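Colleague: The listed protein sequences correspond, in order, to chains L and H.
So the numbering used here is basically just the index in the first sequence, starting at one, shifted up by 99.
So the numbering used here is basically just the index in the second sequence, starting at one, shifted up by 380.
C-beta atoms are modelled at their ideal positions from N, C-alpha and C, and glycine is treated no differently.
Quick caveat: nothing in here was measured; it's all calculated off a predicted structure.
Have a look at the structure that comes next, please.
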Amino acid sequence: AQSVSQHNHHVILSEAASLELGCNYSYGGTVNLFWYVQYPGQHLQLLLKYFSGDPLVKGIKGFEAEFIKSKFSFNLRKPSVQWSDTAEYFCAVNDRSAGNMLTFGGGTRLMVKP
Amino acid sequence: EPEVTQTPSHQVTQMGQEVILRCVPISNHLYFYWYRQILGQKVEFLVSFYNNEISEKSEIFDDQFSVERPDGSNFTLKIRSTKLEDSAMYFCASSEETTPSDTQYFGPGTRLTVL
Numbered sequence: 100a101q102s103v104s105q106h107n108h109h110v111i112l113s114e115a116a117s118l119e120l121g122c123n124y125s126y127g128g129t130v131n132l133f134w135y136v137q138y139p140g141q142h143l144q145l146l147l148k149y150f151s152g153d154p155l156v157k158g159i160k161g162f163e164a165e166f167i168k169s170k171f172s173f174n175l176r177k178p179s180v181q182w183s184d185t186a187e188y189f190c191a192v193n194d195r196s197a198g199n200m201l202t203f204g205g206g207t208r209l210m211v212k213p
Numbered sequence: 381e382p383e384v385t386q387t388p389s390h391q392v393t394q395m396g397q398e399v400i401l402r403c404v405p406i407s408n409h410l411y412f413y414w415y416r417q418i419l420g421q422k423v424e425f426l427v428s429f430y431n432n433e434i435s436e437k438s439e440i441f442d443d444q445f446s447v448e449r450p451d452g453s454n455f456t457l458k459i460r461s462t463k464l465e466d467s468a469m470y471f472c473a474s475s476e477e478t479t480p481s482d483t484q485y486f487g488p489g490t491r492l493t494v495l
């Protein structure tokens, strides 16, 4: 079955530290890739997405992600986190041959200490 | 900025009862979705809806579930006879276009508790 894995379930960082959250997927075909964020008490919001072109994608709030097709990965990065980045981060993948449904990873809870 | 809204935020029901979860998608969006997240598990796709019919559904979306767009603004998920294992957070989403790359905008969710 198709799956998405986020290996880091909980991450704790200090402010100004660099962040990298891993995301791997199991599809062999063409995919669209997304990172969503859920701040405490809020709904899922799109951070960034990739569907074609430059594999390095820049999103909101200084986040970026790199699609590496050979590694089936789409890792999220931020060079310097802030306390306000405390949230849960979800990687999601759409298999273009299977319609519009998103398959989500298990999420990574990020806590940034001030 | 337009948002997807969902009501109620929390629904408590007895096993075997019917529940209807309501969503108001973003007004010019054409594609609607329901996902759910059981506590401690992944967000899972349930169903997508376009042009007044189901486009895709997962194995979870069995005969106990149905969706409807009763008017021009609401999109509902009905569970006919709730089971304990239906307890979850249910998220509605909508997208403007029908292409898979289009962004899905999520609502805040309805927490369903089945006793």
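Short check: CB of Asn174 (chain L) to CB of Cys122 (chain L), under 9 angstroms?
Modeller: Looking up residue 174 (chain L) in the first sequence gives position 75. Looking up residue 122 (chain L) in the first sequence gives position 23. Yes, these two residues count as a Cβ contact at 9 angstroms.
Colleague: According to the neighbour-count rule (16 or more other Cβ atoms, all chains shown, within 10 Å of its Cβ), is Ser117 (chain L) buried or exposed?
Modeller: Numbered from 1 along the first sequence, position 18 holds the residue referred to as residue 117 (chain L). Under this definition Ser117 (chain L) is an exposed residue.
Colleague: Under the DSSP definition of a beta bridge, which residues are partnered with Lys148 (chain L)?
Modeller: Walking along the first sequence from the start, residue 148 (chain L) turns up at place 49. Paired residue(s): L:Phe133.
Colleague: What does Lys148 (chain L) reach in chain H if we use C-beta pairs closer than 8 angstroms?
Modeller: Counting from one through the first sequence, the residue named residue 148 (chain L) turns up at place 49. Within chain H, the residues near Lys148 (chain L) are Ser481 and Thr483.
Colleague: Can we say the region 462-476 of chain H touches the region 395-411 of chain H, given the rule of at least three CB pairs closer than 8 angstroms?
Modeller: Yes, they touch.
Colleague: Take Phe133 (chain L) and list the residues in its own chain whose beta-carbon comes closer than 6 angstroms to its own, dropping the five residues that flank it on each side.
Modeller: Within the first sequence, the letter at position 34 stands for residue 133 (chain L). Answer for Phe133 (chain L): Lys148 and Ala191, listed in chain order.
Colleague: Quickly, what does DSSP pair Lys212 (chain L) with across the bridge? List them, please.
Modeller: Position 113 of the first sequence, counting from 1, holds the residue named residue 212 (chain L). The partner list for Lys212 (chain L) (beta bridge, DSSP) reads L:Ser113.
Colleague: According to DSSP, which residues form a beta bridge with Tyr413 (chain H)?
Modeller: The sequence position of residue 413 (chain H) within the second sequence is 33, counting from 1. According to DSSP, which records beta bridges pairwise, Tyr413 (chain H) is partnered with H:Ser428 and H:Ala473.
Colleague: Just to confirm the assignment, what range does the beta strand (DSSP E) spanning Ser172 (chain L) have?
Modeller: As a first step, residue 172 (chain L) is located in the first sequence; it is residue number 73 there, counting from the start. Run containing Ser172 (chain L): Ser172 to Lys177, per the beta strand (DSSP E) assignment.
Colleague: Shortest alpha-carbon distance to Asn408 (chain H) belongs to which of H:Val384, H:Val447 and H:Phe471?
Modeller: Mapped onto the second sequence, residue 408 (chain H) falls at position 28. Selected option, being the one with the closest Cα: H:Val384.
Colleague: Taking Thr207 (chain L) and Asn107 (chain L) to be in contact with their CB atoms under 8 angstroms, please state how far apart those CB atoms are, rounded to whole angstroms.
Modeller: In the first sequence, residue 207 (chain L) corresponds to position 108, counting from 1. In the first sequence, residue 107 (chain L) corresponds to position 8, counting from 1. Contact holds; Cβ gap of about 5 angstroms.
Colleague: Quick check: Ile111 (chain L) and Lys177 (chain L), are their CB atoms within less than 9 angstroms of each other?
Modeller: Position 12 of the first sequence holds residue 111 (chain L). Position 78 of the first sequence holds residue 177 (chain L). No, Cβ-Cβ distance for Ile111 (chain L) and Lys177 (chain L) is not below 9 angstroms.
Colleague: Is there a C-beta anywhere in chain L that falls below 9 angstroms from the one on Pro488 (chain H)?
Modeller: Walking along the second sequence from the start, residue 488 (chain H) turns up at place 108. Pro488 (chain H) counts as touching chain L.
Colleague: For Ser172 (chain L), collect the residues of the same chain with a Cβ closer than 6 angstroms to its Cβ; drop the 5 residues on either side in sequence, then sort them by chain order.
Modeller: On the first sequence, residue 172 (chain L) is found 73 positions in, with the first residue counted as 1. Within the same chain, Cβ atoms closer than 6 angstroms to the Cβ of Ser172 (chain L) are found at Asn123, the five residues on either side in sequence being excluded.
Colleague: Quick one: what does DSSP say Asp194 (chain L) is sitting in, helix, strand or coil?
Modeller: Locating residue 194 (chain L) in the first sequence gives position 95, where the first residue counts as 1. Residue state, collapsed to three classes: strand.
Colleague: Tell me which residues share the same chain as Gly161 (chain L) and place their Cβ nearer than 8 angstroms to its Cβ, disregarding the 5 neighbours each side in the sequence.
Modeller: For the purposes of this step, residue 161 (chain L) is identified with residue 62 of the first sequence, where counting begins at 1. Cβ-Cβ distances below 8 angstroms link Gly161 (chain L) to Lys177, Pro178 and Ser179 in the same chain, with the five nearest sequence neighbours on each side left out; the list follows chain order.
Colleague: So what does DSSP say about Glu433 (chain H), is it helix, strand or coil?
Modeller: Stepping through the second sequence from its first residue, residue 433 (chain H) is reached at position 53. DSSP, reduced to helix, strand and coil, places Glu433 (chain H) within a strand of the structure shown.
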